[in-house]
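Residues in the sequence shown are numbered consecutively from 1, following the numbering used here. In what follows, a single structure is set out as structure tokens and then discussed.
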Amino acid sequence: MHLDQGLRAPTTFPGKSLRFLSLSGAVAFGIGLLTLGGIASAEEVTTSHGYSTFGELKYGPDFEHFDYVNPDAPKGGIHHTWDLGSFDSLTPYTEKGNYPTGAWAVFEGLMTGTLDSLDELYGLIAESITYPEDKQWVSFKMRPEATFADGTPITADDVVFTVDAMQNRGQLRYRVYFGEIEKVEALGPHEVKFTFAEGAAVRDLIPLVAGMGIFSEKYFEDRDFSESSMDPPLGSGPYQVDSVAAGRYVVYKRNEDYWGKDLPVNVGRHNFDRFRIDYYSDQAAAFEAFKAGEYTFRGEVNADRWITQYNFPAVRNGDAVQAEIPARTAPNAGGMFFNLRRDTFADPRVREAIITMFNFEWINETMFHGVETRASSFWERTDMRAEGVPSPEERAVLEPLLDELPDGIGDILKDPVVEPYKGRNGNLRDRGRQRQALRLLTEAGYTQENGQLIGPDGNQLKFEMMFGSPDAEQYLSPFAQQLQGIGIDASLTLVDSAQWRERAETYDFDAMHVFIPVSDTPGNELRDTFGTANANVGGSLNVPGVASPGIDKLIAQIEKADTREELTIKVRALDRVLRAMHLRIPYWVRPSSWIAYYDYYQQPDTLPEYGAGVGSIWWADEARYEELKSEGAIR
Numbered sequence: 001m002h003l004d005q006g007l008r009a010p011t012t013f014p015g016k017s018l019r020f021l022s023l024s025g026a027v028a029f030g031i032g033l034l035t036l037g038g039i040a041s042a043e044e045v046t047t048s049h050g051y052s053t054f055g056e057l058k059y060g061p062d063f064e065h066f067d068y069v070n071p072d073a074p075k076g077g078i079h080h081t082w083d084l085g086s087f088d089s090l091t092p093y094t095e096k097g098n099y100p101t102g103a104w105a106v107f108e109g110l111m112t113g114t115l116d117s118l119d120e121l122y123g124l125i126a127e128s129i130t131y132p133e134d135k136q137w138v139s140f141k142m143r144p145e146a147t148f149a150d151g152t153p154i155t156a157d158d159v160v161f162t163v164d165a166m167q168n169r170g171q172l173r174y175r176v177y178f179g180e181i182e183k184v185e186a187l188g189p190h191e192v193k194f195t196f197a198e199g200a201a202v203r204d205l206i207p208l209v210a211g212m213g214i215f216s217e218k219y220f221e222d223r224d225f226s227e228s229s230m231d232p233p234l235g236s237g238p239y240q241v242d243s244v245a246a247g248r249y250v251v252y253k254r255n256e257d258y259w260g261k262d263l264p265v266n267v268g269r270h271n272f273d274r275f276r277i278d279y280y281s282d283q284a285a286a287f288e289a290f291k292a293g294e295y296t297f298r299g300e301v302n303a304d305r306w307i308t309q310y311n312f313p314a315v316r317n318g319d320a321v322q323a324e325i326p327a328r329t330a331p332n333a334g335g336m337f338f339n340l341r342r343d344t345f346a347d348p349r350v351r352e353a354i355i356t357m358f359n360f361e362w363i364n365e366t367m368f369h370g371v372e373t374r375a376s377s378f379w380e381r382t383d384m385r386a387e388g389v390p391s392p393e394e395r396a397v398l399e400p401l402l403d404e405l406p407d408g409i410g411d412i413l414k415d416p417v418v419e420p421y422k423g424r425n426g427n428l429r430d431r432g433r434q435r436q437a438l439r440l441l442t443e444a445g446y447t448q449e450n451g452q453l454i455g456p457d458g459n460q461l462k463f464e465m466m467f468g469s470p471d472a473e474q475y476l477s478p479f480a481q482q483l484q485g486i487g488i489d490a491s492l493t494l495v496d497s498a499q500w501r502e503r504a505e506t507y508d509f510d511a512m513h514v515f516i517p518v519s520d521t522p523g524n525e526l527r528d529t530f531g532t533a534n535a536n537v538g539g540s541l542n543v544p545g546v547a548s549p550g551i552d553k554l555i556a557q558i559e560k561a562d563t564r565e566e567l568t569i570k571v572r573a574l575d576r577v578l579r580a581m582h583l584r585i586p587y588w589v590r591p592s593s594w595i596a597y598y599d600y601y602q603q604p605d606t607l608p609e610y611g612a613g614v615g616s617i618w619w620a621d622e623a624r625y626e627e628l629k630s631e632g633a634i635r
């Protein structure tokens, strides 16, 4: 998975979300003491149809379908959406190439998640899961009827092959995630057991192995797993690649012979016959294409466009619909992230001064009609967001780590959590903001000479901001001008997707406009995002280069949290530290997702709490689609 450049529309595709790579495990709904192989086990084990991180499962073993689906939804039609950038590979698991949206969805896992919980999994390829109280191992009984798209059975040997491939030839982040699996063994053709390393963060590992996409060992007999490819991969899911043109579009087609279509977890889901994703070079071109009916579903991220530009004919006459859907999950952590590997940003006061100069109030008022809310937390919209001064519970977490936390974060045990500077008015030229920034820079050893801020090294403070979305220039350009006004040589560089990847993966940037994915159940993915081991590894999500023994220990505690309450306290502590480091110029957040679509999409009466599920549980009114097409609204 590559860095989200802030280019992605919130398109939806059936399959596993990122959070199911980083779920955590606790006590599942089970049946207690079992016997294995006819011999009484020496330890109590749980066997169940599902797995829950914290608490019991919502759905019992005899459930017929998820509550939020329409079990009678018709099959057919197309979900036609878009993305920005380009792609040159259909293999999402390798270090090489850029893959399209939906590439992971052709591969199914042993279990699947739901849209009405954050941390529950139910059997898919696996019909049951078994694990002991300490969760040092887990086994799965697989469905004999489960097959790949070519009709060959999915076996335990395929699972063993998948783990070996991911540990030794997959992307770096997957090698890290899978590195704590000590052993995986086939106990029979359709039973597989995982044993985890001593001291491993086992809470995360059960959902990891349960949710991983499974590859066909036979398919890779004459193929190199580590090489990227434009050959449609062999998966086992409800959709497979139907047609593709590199960098232009990809079409996924529903497999009529999909082995799992009647399982309870799939009833009312996977309703569209086809998914098509068209690629565009910029937001403006993509929006014009939507207005013209060249694709039919769009997520909107630009407030001005949402408020002022959706009055085109298709919306006015009811052929297209605007909708706001409440968002209850943590948004990606967006902002302009500093590269701490650069000496320019070694002093946190320099970073804080630059953040102070970002005049969100003016941007929001003049460009976004006042509808946005400034973000500050890495876990906005959740109760994991740090607030005020640390609670006694947070202090108890942080105090033992004080000597190992980063320098320059203030009195983390007593200070209120860091919030971005808030101007008193909406003027672009905010003198209070300038005074605060200059005070910080003076403390960091900078002086103003002939209109330039000169540092202790005798050179002007200078840095480049790299971004990949032309939309961002509207607010980054005035920001750069304000920085120049106090003597900083700030510049902007717009790059294409190929340049983006090359520079991001070699850390060839001063500051980067990026949206980093975060989980609603944080765990081992935090090592990739903020862990020292990934601070200087190309392709990791540790964009700023965070390297702190104290943060590493805090992440380890988060991974081992046994309850949601404990997890919340420890994530708040991490959020507090990360914000005190001034890692990024934070952007904004809103309480709803904005979507627009042509009026043939149908949805369940009540949408689930943690996702609209457009690609998963909506369906097409084919008669209405044909009507829109005959009228010329859809091309």
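Each residue gets a CB set at the ideal place from its N, CA and C atoms; glycine is no exception. The structure displayed is predicted, hence computed values, not measured ones.
| query | Which of helix, strand or coil does DSSP assign to Lys422? | reply | For this step, residue 422 is matched to residue 422 along the sequence shown. DSSP places Lys422 in the coil class of the three-state scheme, outside both helix and strand.
| task | Check whether the Cβ atoms of Ala320 and Ala314 sit closer than 8 Å, and answer yes or no. | result | By one-based count along the sequence shown, residue 320 stands at place 320. By one-based count along the sequence shown, residue 314 stands at place 314. Yes. Within cutoff.
| query | Going along the chain, which residues of its own chain have a beta-carbon closer than 7 Å to the beta-carbon of Ser216, five neighbours each way excluded? | reply | The residue given as residue 216 occupies position 216 in the sequence shown. Answer for Ser216: Phe148, Thr152, Asp158 and Leu234, listed in chain order.
| task | Taking Val163 as the reference, give the member of Ala200, Val589, Glu185 and Tyr295 with the closest Cα. | result | Taking the first residue of the sequence shown as position 1, residue 163 is located at position 163. When Ala200, Val589, Glu185 and Tyr295 are compared, the shortest CA-CA separation from Val163 is found for Glu185.
| query | Looking only at its own chain, which residues have a Cβ that is under 8 Å from the Cβ of Thr493, when we skip the five neighbours before and after it? | reply | Residue 493 sits at position 493 when you count from the first residue of the sequence shown. These residues qualify, in order along the chain: Glu464, Met465, Met466 and Phe467.
| request: Might you give, ordered along the chain, the residues of its own chain that have their beta carbon closer than 7 Å to the beta carbon of Phe378, omitting 5 neighbours on each side? | output: By 1-based counting over the sequence shown, the position of residue 378 is 378. Leaving aside the five residues that flank Phe378 on each side, the residues in its chain whose CB is nearer than 7 Å to its CB run, in chain order, Ala333, Val518, Asp575 and Leu578.
| Same chain, Cβ closer than 7 Å to Tyr446, five either side skipped, listed in chain order | The residue given as residue 446 occupies position 446 in the sequence shown. Excluding residues within five positions, the ones whose Cβ falls inside 7 Å are Leu453, Ile454, Gly455 and Leu461.
| Where does the unbroken beta strand (DSSP E) through Tyr122 begin, and where does it stop? | As a first step, residue 122 is located in the sequence shown; it is residue number 122 there, counting from the start. It spans Glu120 to Gly123 - the beta strand (DSSP E) in which Tyr122 sits, taken as one unbroken run.
| query | Anyone know if the C-beta pair for Ser548 and Glu404 falls short of 8 Å? | reply | Indexing the sequence shown from 1 puts residue 548 at position 548. Indexing the sequence shown from 1 puts residue 404 at position 404. A Cβ-Cβ contact shorter than 8 Å links Ser548 with Glu404.
| message | Measuring alpha carbon to alpha carbon, tell me which residue in Ser243, Pro392 and Ala285 is nearest Glu566. | response | The residue labelled residue 566 in the question sits at position 566 within the sequence shown. Residue Pro392 is the option with its Cα nearest to Glu566.
| query | Just checking my contact of Arg527 with Asn534 at CB under 8 Å: how many whole Å lie between their CB atoms? | reply | What you label residue 527 is simply residue 527 of the sequence shown in a count that begins at 1. What you label residue 534 is simply residue 534 of the sequence shown in a count that begins at 1. Contact annotation, Arg527 with Asn534: C-beta distance approximately 6 Å; criterion of less than 8 Å satisfied.
| query | Helix, strand or coil: which one does DSSP assign to Gly370? | reply | Indexing the sequence shown from 1 puts residue 370 at position 370. Gly370: coil per DSSP, three-state reduction.
| field | 8 Å Cβ cutoff met for Ala596 and Tyr280 | value | In the sequence shown, residue 596 corresponds to position 596, counting from 1. In the sequence shown, residue 280 corresponds to position 280, counting from 1. With respect to Tyr280, Ala596 sits apart: the two C-beta atoms are not nearer than 8 Å.
| Per DSSP, Met637 forms a beta bridge with which residues? | Given a span of 1 to 635 for the chain in the structure shown, any question on residue 637 remains unanswerable.
| message | How far does the alpha helix (DSSP H) with Ser625 in it extend, from its first residue to its last? | response | Start at 1 with the first residue of the sequence shown, and residue 625 comes out as number 625. Checking the sequence shown, residue 625 turns out to be Tyr, not Ser. Note, Tyr625: alpha helix (DSSP H), Glu622 to Ser630.
| request: Check whether the segment 44 to 54 touches the segment 242 to 249, counting contact only when three or more Cβ pairs, one atom from each stretch, lie closer than 8 Å. | output: Judged by pairs of C-beta atoms under 8 Å, the segment 44 to 54 does not touch the segment 242 to 249, as fewer than three such pairs exist.
| task | Give the range of the beta strand (DSSP E) segment to which Trp104 is assigned. | result | For the purposes of this step, residue 104 is taken as residue 104 along the sequence shown, with counting starting at 1. Looking at the DSSP string, Trp104 is not in any beta strand (DSSP E), and its letter there is neither H nor E.
| query | Excluding the five sequence neighbours on either side, which residues of its own chain have a C-beta within less than 7 Å of the C-beta of Asn524, listed in chain order? | reply | Translated into positions along the sequence shown, residue 524 becomes position 524. Hits under 7 Å: Ser22, Tyr177, Ala201, Asp204 and Glu559.
| field | Nonlocal neighbours in the same chain, by C-beta distance under 8 Å from Gly636, ignoring five residues either side | value | This structure does not reach residue 636, given that the chain is present from 1 up to 635, and the question cannot be answered.
| Rounded C-alpha distance that separates Pro132 from Ala165 | For the purposes of this step, residue 132 is identified with residue 132 of the sequence shown, where counting begins at 1. For the purposes of this step, residue 165 is identified with residue 165 of the sequence shown, where counting begins at 1. Taking the straight line joining both Cα atoms gives about 27 Å.
| message | Using a 10 Å radius around the Cβ and a threshold of 16 neighbouring Cβ atoms, would you call Leu263 buried or exposed? | response | Sequence index remark: in the sequence shown, residue 263 carries index 263 (1-based). Buried: at least 16 other Cβ atoms inside 10 Å.
| message | Rounded to whole angstroms, what is the Cα-Cα separation between Asn302 and Tyr252? | response | Residue mapping note: residue 302 aligns to position 302 of the sequence shown, counting from 1. Residue mapping note: residue 252 aligns to position 252 of the sequence shown, counting from 1. Between Asn302 and Tyr252, the alpha-carbon positions lie close to 28 Å from each other.
| Which of the three DSSP states, helix, strand or coil, is assigned to Gln436? | As a working mapping, residue 436 is identified with position 436 in the sequence shown. DSSP, reduced to helix, strand and coil, places Gln436 within a helical segment of the structure shown.
| task | My understanding is that Leu476 touches Ile354, with C-beta atoms under 8 Å, so please give their C-beta distance in whole angstroms. | result | Counted from its first residue, the sequence shown places residue 476 at position 476. Counted from its first residue, the sequence shown places residue 354 at position 354. Rounded to the nearest angstrom, the Cβ distance from Leu476 to Ile354 is 12 Å, too far for a contact under 8 Å.
| message | Taking only three categories from DSSP, how would you classify Lys291? | response | By 1-based counting over the sequence shown, the position of residue 291 is 291. In this structure, Lys291 counts as helix in the three-state DSSP scheme.
| task | Can you tell me which of Pro61, Phe290, Glu180 and Thr114 puts its alpha carbon nearest to the alpha carbon of Asp83? | result | Position 83 of the sequence shown holds residue 83. Of the residues Pro61, Phe290, Glu180 and Thr114, the one whose Cα lies closest to the Cα of Asp83 is Phe290.
| How close, in whole Å, do the beta carbons of Arg501 and Phe509 come, if the pair is a contact with beta carbons under 8 Å? | Within the sequence shown, numbered from 1, the residue matching residue 501 stands at position 501. Within the sequence shown, numbered from 1, the residue matching residue 509 stands at position 509. In this structure Arg501 does not touch Phe509 by the C-beta definition: roughly 12 Å separates them, more than the 8 Å allowed.
| query | Would you call the CB atoms of Thr344 and Leu440 closer than 8 Å? | reply | Counting from 1 along the sequence shown, the entry for residue 344 is found at position 344. Counting from 1 along the sequence shown, the entry for residue 440 is found at position 440. When the beta-carbon positions are compared, Thr344 and Leu440 stay at least 8 Å from each other.
| field | Under the three-state DSSP convention, the category Glu394 falls into | value | Within the sequence shown, the letter at position 394 stands for residue 394. In this structure, Glu394 counts as helix in the three-state DSSP scheme.
| Beta-carbon gap between Gly268 and Asn70 smaller than 8 Å | Taking the sequence shown and counting its residues from 1, one reaches residue 268 at position 268. Taking the sequence shown and counting its residues from 1, one reaches residue 70 at position 70. Here Gly268 is near Asn70, since their CB atoms are less than 8 Å apart.
| message | Let me check understanding here. Comparing Cα to Cα, which of Leu628, Ala633, Ala623 and Ile617 lies closest to His65? | response | Residue 65 sits at position 65 when you count from the first residue of the sequence shown. Taking only the C-alpha atoms, the option nearest His65 is Ile617.
| message | I believe Ala444 touches Asp347 by the beta-carbon criterion, under 8 Å. Please report the beta-carbon distance rounded to the nearest angstrom. | response | Looking up residue 444 in the sequence shown gives position 444. Looking up residue 347 in the sequence shown gives position 347. Contact check for Ala444 and Asp347: beta-carbon distance about 5 Å, within the 8 Å limit, so the pair qualifies.
| Simplified DSSP state of Trp259, which is helix, strand or coil | The residue labelled residue 259 in the question sits at position 259 within the sequence shown. In the structure shown, Trp259 adopts coil according to DSSP, grouped into three states.
| query | According to the neighbour-count rule (16 or more other Cβ atoms, all chains shown, within 10 Å of its Cβ), is Ala285 buried or exposed? | reply | By one-based count along the sequence shown, residue 285 stands at place 285. Exposed, by the Cβ-count rule.
| said: Using the Cβ count rule (16 or more neighbours within 10 Å means buried), how would you classify Ala28? | reply: Within the sequence shown, the letter at position 28 stands for residue 28. Only weak support exists for where Ala28 lies, its pLDDT of 26 falling under 50; the coordinates are left without a value.
| query | How would you label Asp62, buried or exposed, when you count the other beta carbons within 10 angstroms and need 16 or more for buried? | reply | Sequence index remark: in the sequence shown, residue 62 carries index 62 (1-based). Exposed.
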